[in-house]
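Residue numbering for the sequence shown follows the UniProt record's numbering, beginning at 1 and increasing consecutively.
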Amino acid sequence: MLLLLRRRRRRQRLVRQLLSRQFPWDLPALFCWKISPAVQLFLWNCNTKTSNAFLCMNGTAFGVQLDCSQYFSGHTKDGRSWVACPRDLKPVCGTDGKTYSNDCGICLYNAEHSASVEKEHDGECDPKPVVVDCSHYRRAVVDDHVLVACPRILKPVCGSDSFTYDNDCGICAYNAEHDSNITKMHDGPCKESVAVDCTRYRSQATKDGRTLVACPRDLNPVCGTDGTTYDNECAICAHNAEKKTHVGKRHSGRCREKTAELDCKKFPARKVKGGKDLVRCPRILNPVCGTDGFTYDNDCSICAHNVQHGTDVKKSHDGRCKEESTPVDCSMYLSGTKSGEAIAACPYILREVCGTDGVTYSNDCALCAHNMVYGTQVAKNHDGRCMEEVPQLNCSQYRRTMVKDGRELMACTMIYDPVCGTDGVTYASECTLCAHNMEHRTNLGKRKNGPCEEDITRALCKDTKEVSFMCTMEYVPHCGSDGKTYANRCMFCNAYLESGATLNLMKMSEC
Numbered sequence: 001m002l003l004l005l006r007r008r009r010r011r012q013r014l015v016r017q018l019l020s021r022q023f024p025w026d027l028p029a030l031f032c033w034k035i036s037p038a039v040q041l042f043l044w045n046c047n048t049k050t051s052n053a054f055l056c057m058n059g060t061a062f063g064v065q066l067d068c069s070q071y072f073s074g075h076t077k078d079g080r081s082w083v084a085c086p087r088d089l090k091p092v093c094g095t096d097g098k099t100y101s102n103d104c105g106i107c108l109y110n111a112e113h114s115a116s117v118e119k120e121h122d123g124e125c126d127p128k129p130v131v132v133d134c135s136h137y138r139r140a141v142v143d144d145h146v147l148v149a150c151p152r153i154l155k156p157v158c159g160s161d162s163f164t165y166d167n168d169c170g171i172c173a174y175n176a177e178h179d180s181n182i183t184k185m186h187d188g189p190c191k192e193s194v195a196v197d198c199t200r201y202r203s204q205a206t207k208d209g210r211t212l213v214a215c216p217r218d219l220n221p222v223c224g225t226d227g228t229t230y231d232n233e234c235a236i237c238a239h240n241a242e243k244k245t246h247v248g249k250r251h252s253g254r255c256r257e258k259t260a261e262l263d264c265k266k267f268p269a270r271k272v273k274g275g276k277d278l279v280r281c282p283r284i285l286n287p288v289c290g291t292d293g294f295t296y297d298n299d300c301s302i303c304a305h306n307v308q309h310g311t312d313v314k315k316s317h318d319g320r321c322k323e324e325s326t327p328v329d330c331s332m333y334l335s336g337t338k339s340g341e342a343i344a345a346c347p348y349i350l351r352e353v354c355g356t357d358g359v360t361y362s363n364d365c366a367l368c369a370h371n372m373v374y375g376t377q378v379a380k381n382h383d384g385r386c387m388e389e390v391p392q393l394n395c396s397q398y399r400r401t402m403v404k405d406g407r408e409l410m411a412c413t414m415i416y417d418p419v420c421g422t423d424g425v426t427y428a429s430e431c432t433l434c435a436h437n438m439e440h441r442t443n444l445g446k447r448k449n450g451p452c453e454e455d456i457t458r459a460l461c462k463d464t465k466e467v468s469f470m471c472t473m474e475y476v477p478h479c480g481s482d483g484k485t486y487a488n489r490c491m492f493c494n495a496y497l498e499s500g501a502t503l504n505l506m507k508m509s510e511c
């Protein structure tokens with residue numbers, strides 16, 4: 001197997017040497033190596049410049065060649081190949097579009113699958129969009145609008161517009177209604193926002209104290225967290241520098257149009273037995289968030305709720321509400337009480353409840369008092385104290401193997417899907433954490449999915465060797481584990497060094 005890979009490498013080097021003799025100009029970033037002998041002979045004798053398009057024939061794209069001979073390897077009794085890889089986390093993107101833990105991970109994959117994957121670039125791969133098959137969802141035309149009947153199943157997916165949909169059908173419904181071509185980026189909800197790295201753009205302070213950012217004129221629209229469409233990421237940096245704001249990037253592409261006003265005239269109420277008014281709504285799942293913080297099946301459901309309960313709930317936005325909650329009936333508490341006396345008027349009974357703001361209140365009344373004093377609309381998330389959800393570690397799903405010396409090892413792939421252990425160490429995958437427990441006879445758990453804050457902080461400040469007294473004035477907020485908001489990376493990393501590397505980055509926004 002290794003001999004076959006080496007032959008392929010030699011073949012690639014020969015083709016590169018062949019082309020460099022005849023084509024001394026820069027070759028395209030991705031090149032194809034599987035060229036027939038006839039084409040090779042043609043290239044050798046060709047004295048004219050060839051287009052980049054011609055250089056990519058019927059072959060496989062390759063990137064950086066890896067030297068897999070540096071890793072200890074061998075074969076098992078049943079003939080399978082194996083490679084002993086280090087557990088250092090230096091994610092790389094393969095030419096197959098998969099992210100591997102490090103260079104050796106690609107070598108291991110090639111050995112196990114007789115493949116010829118190479119390294120595309122350092123860092124994780126960009127997610128590739130998936131076209132959703134909408135053919136098996138029923139459609140209907142209502143008032144010149146195409147509606148898709150979606151099942152009431154919550155399996156969140158992230159669209160290419162960085163909007164989270166309830167399920168695959170939700171993307172189909174949006175595309176049908178808006179005549180768009182949104183694709184699926186990945187399963188699971190989208191990230192709320194992405195911090196923009198403004199350090200790569202030149203900035204200059206003027207005499208009157210303003211900061212100007214030199215932006216390129218390329219049009220690559222992005223949607224800011226303020227709902228405004230900017231020409232490119234640099235335009236967000238320029239806006240933040242000029243207005244002293246901290247706008248981030250919500251997603252690539254233009255922002256969506258603002259949600260239209262709810263028109264309940266389209267859903268007339270009818271009298272039923274007993275004289276009550278009732279609105280009959282279609283059973284179509286097109287979730288919308290009401291101003292009361294509750295998610296409704298569709299626009300009509302809000303109108304039906306208002307008719308039934310005599311309320312005046314409006315539509316806050318399309319899609320589910322961020323917080324699903326339980327209303328607290330505050331009418332039974334604090335009646336006739338002034339806001340300043342609200343807290344004192346509550347009974348001293350400890351029946352803790354968790355609010356949608358993540359705060360634990362001593363009882364329902366205390367939550368109502370908080371809303372009364374501060375003018376908020378916090379609802380009850382659940383009874384009991386608020387607790388951070390900790391994902392469970394399930395090691396039973398991973399295969400084990402016995403080695404010659406009698407030790408039992410966990411058979412893990414080198415696919416990079418990091419998790420944070422309860423020891424504060426980032427592991428390449430859940431399986432790698434299980435393997436660590438087995439090898440060292442420990443009982444570590446999983447603190448969260450994704451890298452630990454400690455490793456994120458170290459990576460962020462790795463180039464800061466000493467405290468800098470010349471930080472820029474740009475505002476890209478970093479929230480530290482000390483609860484303080486730092487204006488930008490330079491100021492945060494200064495504090496990180498001054499803390500003796502004990503300060504951690506909690507999020508790329510204000511605390």
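By construction, the Cβ of each residue, glycine as well, lies at the ideal position given by its N, Cα and C atoms. On a predicted model such as this, the values are computed, not experimentally measured, just so you know.
Closest in alpha carbon position to P127, among R200, S116, G159 and E118, is G159. Across the structure, A238 and M470 are spaced so that their CA atoms are roughly 20 Å apart. Counting along the chain, the unbroken beta strand (DSSP E) around G290 starts and ends at V288 to G290. Assignment of R87 by DSSP, reduced to helix, strand and coil, places it in the coil class. In the DSSP assignment, D103 falls within the unbroken alpha helix (DSSP H) covering D103 to H113.
Per the coordinates, the alpha-carbon of L503 lies some 26 Å from the alpha-carbon of S101.
Taking each of C93, G74, T95 and T99 in turn and checking the Cα distance to D417, the smallest one comes out for T99.
Sorting N437, K244 and T164 by C-alpha distance to the C-alpha of P189 places T164 at the top. When the five nearest sequence neighbours on each side are left out, the beta carbons in the same chain lying within less than 8 Å of the beta carbon of K446 are those of V390, P391, Q392, L393, V419, C420, G421, T422, E430 and L433, in order along the chain. Secondary structure note for E120: its beta strand (DSSP E) is the uninterrupted segment K119 to D122.
The alpha-carbon of N381 is positioned some 46 Å away from that of G209. CA-CA distance, G290 to N175, rounds to 22 Å.
Within the same chain, Cβ atoms closer than 7 Å to the Cβ of M410 are found at Y398, R400, C431, C434, A435 and M438, the five residues on either side in sequence being excluded. For G227, there is no enclosing alpha helix (DSSP H), since its DSSP letter is neither H nor E.
In the DSSP assignment, K446 forms a beta bridge with G421. By the neighbour-count criterion, in which a residue is buried when 16 or more other Cβ atoms sit within 10 angstroms of its Cβ, A111 is buried. Here DSSP, grouped into helix, strand and coil, assigns A140 to strand.
Taking V403 as the centre and dropping the five residues before and after it, the same chain places the C-beta of L409 closer than 7 Å to its C-beta, in chain order. A Cβ-Cβ contact shorter than 9 Å links N286 with L147. The bridge partners DSSP lists for T164 are C158. The Cβ atoms of D103 and V92 lie closer than 9 Å to each other. Taking R138 as the centre and dropping the five residues before and after it, the same chain places the C-beta of V148 and A149 closer than 8 Å to its C-beta, in chain order.
Within the same chain, Cβ atoms closer than 6 Å to the Cβ of D187 are found at V157, the five residues on either side in sequence being excluded.
The three-state reading of DSSP puts Y496 in helix, counting H, G and I together. DSSP, reduced to helix, strand and coil, places T183 outside both helices and strands of the structure shown, so it counts as coil. The alpha-carbon of H136 is positioned some 33 Å away from that of K314.
Relative to A428, the option among S362, G105 and C264 whose CA is nearest is G105. Counted as a single uninterrupted DSSP element, the beta strand (DSSP E) harbouring L505 occupies residues L505 to K507. Around S301, the same chain offers C281 as residues with beta carbons nearer than 7 Å, after the five sequence neighbours per side are excluded. Put simply, the backbone Cα of C303 is about 40 Å away from that of E233.
For A149, no alpha helix (DSSP H) encloses it, and the DSSP letter there is neither H nor E. Taking the Cα of S81 as reference, the smallest distance to any Cα among H113, T228 and N449 is reached at H113. By alpha-carbon distance to P477, the top candidate from E466, C172, C215 and L505 is L505.
Here A205 carries a strand assignment [DSSP, helix/strand/coil].
Each of E120, C107 and A115 was checked against the Cα of G97, and the nearest Cα belongs to E120. DSSP, read as helix, strand or coil, puts T99 in strand.
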